[in-house]
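K.L.:
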Amino acid sequence: MPQGDMTKFESQGDMTECEPQAPRFICGGEVNNTKTKWRGIVEEYRSFLPIAETDKVITLLEGATPLVPAPKLSERVHANVFLKYEGLNPTGSFKDRGMTMAITNAYNQGAKAVICASTGNTSASAAAYAARAGLGCIVLIPQGHIALGKLAQALIHGATVLQLKGNFDQALAIVRELGDKAPVTIVNSVNPYRIEGQKTGAFEIVDALGQAPDFHFIPVGNAGNITAYWKGYKEYRDRNLSTKLPKMCGFQAQGAAPIVLGYPVENPETVASAIRIGNPASWQSALDARSESDGMIESVHDQEILEAYRFLASQESVFCEPASAASVAGLLKVGVPSGSNVVCVLTGHGLKDPDIAISQIEPPRVVEASFQAVMAELDL
Ligand code: AN7
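Position in the sequence shown counted from 1, then plus 7, gives you the working numbering.
1. What would DSSP say about F326, mapped onto helix, strand or coil?
2. Return the first residue and the last residue of the alpha helix (DSSP H) that P265 is part of.
3. In the structure shown, what three-state DSSP assignment does I202 receive?
4. Using only the alpha-carbon positions, how far apart do G239 and T98 sit?
5. Quick one: is K157 buried, meaning 16 or more other Cβ sit within 10 Å of its Cβ, or exposed?
6. Excluding the 5 residues flanking A135 on each side, which residues of the same chain have their C-beta closer than 6 angstroms to its C-beta?
7. Give the secondary structure of S306 by DSSP, where H, G and I count as helix, E and B as strand, and everything else as coil.
8. Please check if any C-beta of chain D sits within less than 7 angstroms of the C-beta of A281.
9. List the whole-angstrom C-beta distance separating A113 from V121, where the pair is believed to meet the contact cut-off of C-beta under 8 angstroms.
10. Does the beta-carbon of M382 have 16 or more other beta-carbons within 10 angstroms, so that it is buried, or is it exposed?
11. Have a look at G204, D360, P371 and flag the residue whose alpha-carbon is nearest the alpha-carbon of I110.
12. Sorted by chain position, which residues of the same chain lie with C-beta nearer than 6 angstroms to V194's C-beta, five sequence neighbours on each side aside?
13. Quick check on this structure: which residue in C144, F258, A288 has the alpha carbon closest to the alpha carbon of N198?
14. Thinking just about the alpha-carbon of each residue, which of A235, Y236, A118 is nearest to the one in A189?
15. Excluding five sequence neighbours on each side, which residues of the same chain lie with their C-beta closer than 8 angstroms to the C-beta of A178?
16. My output table needs one value for T192: the three-state DSSP class, helix, strand or coil.
17. Only counting the same chain, and skipping five residues up and downstream in sequence, which positions put a Cβ closer than 6 angstroms to that of A264?
18. Tell me, please, whether the stretch 324 to 338 touches the stretch 349 to 359 by the rule of three or more beta-carbon pairs shorter than 8 angstroms.
19. Just verifying my parser: in three-state terms, what is the DSSP assignment at A154?
20. What whole-angstrom Cβ distance do G302 and A293 have, given they're in contact under 8 angstroms?
21. What residue from A380, E375, L313 has the CA that sits closest to A364's CA?
22. Quick check on Q310: buried or exposed, where buried means 16 or more other Cβ atoms within 10 Å of its Cβ?
23. Whole-angstrom Cβ separation of A140 and I65, contact assumed at under 8 angstroms?
24. For Y236, count neighbouring C-beta atoms within 10 Å of its own C-beta (all shown protein chains included) and say buried if the count is 16 or more, exposed if not.
25. Between N232, G228, L155, G186, which has its C-alpha nearest E93's C-alpha?
26. Is there at least one non-hydrogen atom of ligand 1 closer than 6 angstroms to the beta-carbon of S334?
27. Among F378, D245, E211, which residue has its Cα nearest to the Cα of R104?
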C-alpha cells in the first residue's frame, strides 16, 4: 500500500550530502534514495491512474504532503481538524498533482507546447512541469490580478506569459479556442488528466487517517479540485480502502460565488485572487459532489477568509494563501457536529502572495541602529 507519509522530505538530505566512500548513490547522476520510497504521485498510485507502462513520467516528486493536526482550530469547532497542507508541493500548490499527469500525457502524446489560463497557480505549475519535459508553455493571466510569487514562478520557469486585459473566465474561453484551432495541449482542469492526478490528494488523506474523514472542506474556484477529491474518495471506497465517504463542503468567495448563486458572475471580485472565477468549468461535477455526498457549496466573505488566514498563520503556524483559507473560513462559519473528523485542504502556500500578508499586519517600526534605541522599543 502507498503510504501518505513524509519520507520524501528525508530524501532531499540524501541527495545533497555526498559520502565519498559510499556507493549508496552517485552524485550528479542516479540517486539512490535509501531512506525514501516516495516516487511522486504517478508511481505511488499508478494502479489508479490512466498511464501506460511505457510512458515516461514527468515528475518533481509531488504529493506526500503532510496532514497537519490543528489543535487550536479543533478546540474552536469541537472537532478533530487536520490541514492537508498542499502548499508543500514542488511549486507550492495542489496543481502539481494534476500537472504531473497532464504534462506526462502531453509529453508522451508528442505535444510540443501546452497552454493554460490561470489565476496564478496553474501557470506556475504548468511552467515548471513543461520546462522539466522540454515542452513550450504559454499562459494567459488576468492583468493585475495575480499574486506576485506566482507571476515570478511562471516567468522564471520560462513560460510565455500574456497578461490579458480581462479576467480568468475570458482567458479560459480564449485558451479553449486555441486548443481547438492551434497545435497546443490545454492543461487547465478541463483536461481530464488534471483531475486524475488531483484525486490522489484524497488517497493520501485516507492513507494517513486509515479512513475517510466525516467532512472535507475545500475552496472552490474553477471547481476542478472538489471534483477530483470526490472522485478519489469514491475510488478508494470502491476498492475497499475506506468504508465511508466524507460530506464535501466547498466554499467560494462571496464576490465570486456563481455556484452558490446559480448563475455566472460576470465581474467576480475577491481578495482571494486564486478563486476570482465567475464561470467555473467543472460547475456540474461540483454540484454532483455536493449532492452525492450530502454536502454543501456555500460562500464566505473576504473578511472571513482573511480572519481564517491570519488565524492559521498565528495560531496553527501554517501559512497558506488567502484562497486556501476559504476552506477554514467555511468550517468556522458552518461548524460541524461535536467530535467529527474534519480535513480542510490548504491548497497553496502563503509565500505565493506576500503582498496580502503584509497588508494584514501593522508595518514594523523603524529604529535607530543603537542598543538603547532597540531596547527602548521592546517590552523586555
Ligand atoms: C490556491 O491557478 O484556477 O476549484 O488558474 O490556486 O480546482 O479551481 C487556481 C485555483 C483553490 C480553486 N486554491 O481550485 C488557477 C486556478 C488555490 C488555487 C483554487 C485555486 P479549483
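Beta carbons are placed, not taken as given, at the ideal position from N, Cα and C, and that holds for glycine.
P.N.:
If we stick to the structure as given:
1. Coil, per DSSP.
2. For P265, the enclosing alpha helix (DSSP H) has its first and last residue at 265 to 268.
3. Taken through DSSP and simplified to helix, strand or coil, I202 comes out as helix.
4. Straight across, the Cα-Cα distance linking G239 with T98 is about 22 angstroms.
5. K157 is buried by the Cβ-count criterion.
6. Contacts found: T98, H164.
7. Here DSSP, grouped into helix, strand and coil, assigns S306 to strand.
8. Among the chains of the structure shown, chain D does not appear; only one protein chain is present.
9. Your pair A113 and V121 checks out as a contact, with CB atoms roughly 5 angstroms apart and the cut at 8 angstroms.
10. Counting the other Cβ atoms within 10 Å of the Cβ of M382 gives fewer than 16, which makes it exposed.
11. Residue G204 holds the alpha-carbon nearest to the alpha-carbon of I110 among G204, D360, P371.
12. Closer than 6 angstroms at the Cβ level, and outside the excluded window around V194, lie A109, V121, C123, A133.
13. Out of C144, F258, A288, A288 has the C-alpha closest to the C-alpha of N198.
14. With distances taken between Cα atoms, A189 lies closest to A118.
15. Cβ neighbours of A178 beyond the five flanking positions: A124, S125, L147, I148, P149, L171.
16. If DSSP states are grouped into helix, strand and coil, T192 belongs with the strands.
17. Non-local beta-carbon contacts of A264 in its own chain, meaning distances under 6 angstroms to residues more than five positions away in sequence, involve S306 in chain order.
18. By the Cβ test, the stretch 324 to 338 is in contact with the stretch 349 to 359, since at least three Cβ pairs between them sit closer than 8 angstroms.
19. For A154, the three-state secondary structure derived from DSSP is coil.
20. In fact, because the Cβ distance is near 10 angstroms, the residues do not count as touching under 8 angstroms.
21. Each of A380, E375, L313 was checked against the Cα of A364, and the nearest Cα belongs to L313.
22. Q310 comes out exposed.
23. Rounded, the Cβ-Cβ distance is 5 angstroms, consistent with contact.
24. Residue burial annotation: Y236 is buried, with at least 16 other C-beta atoms found within 10 angstroms of its C-beta.
25. Check the Cα spacing between E93 and each of N232, G228, L155, G186: the tightest is with N232.
26. Ligand 1 never approaches S334 closely enough for any of its heavy atoms to be under 6 angstroms from the residue's Cβ.
27. Scanning F378, D245, E211 for the CA closest to the CA of R104 turns up E211.
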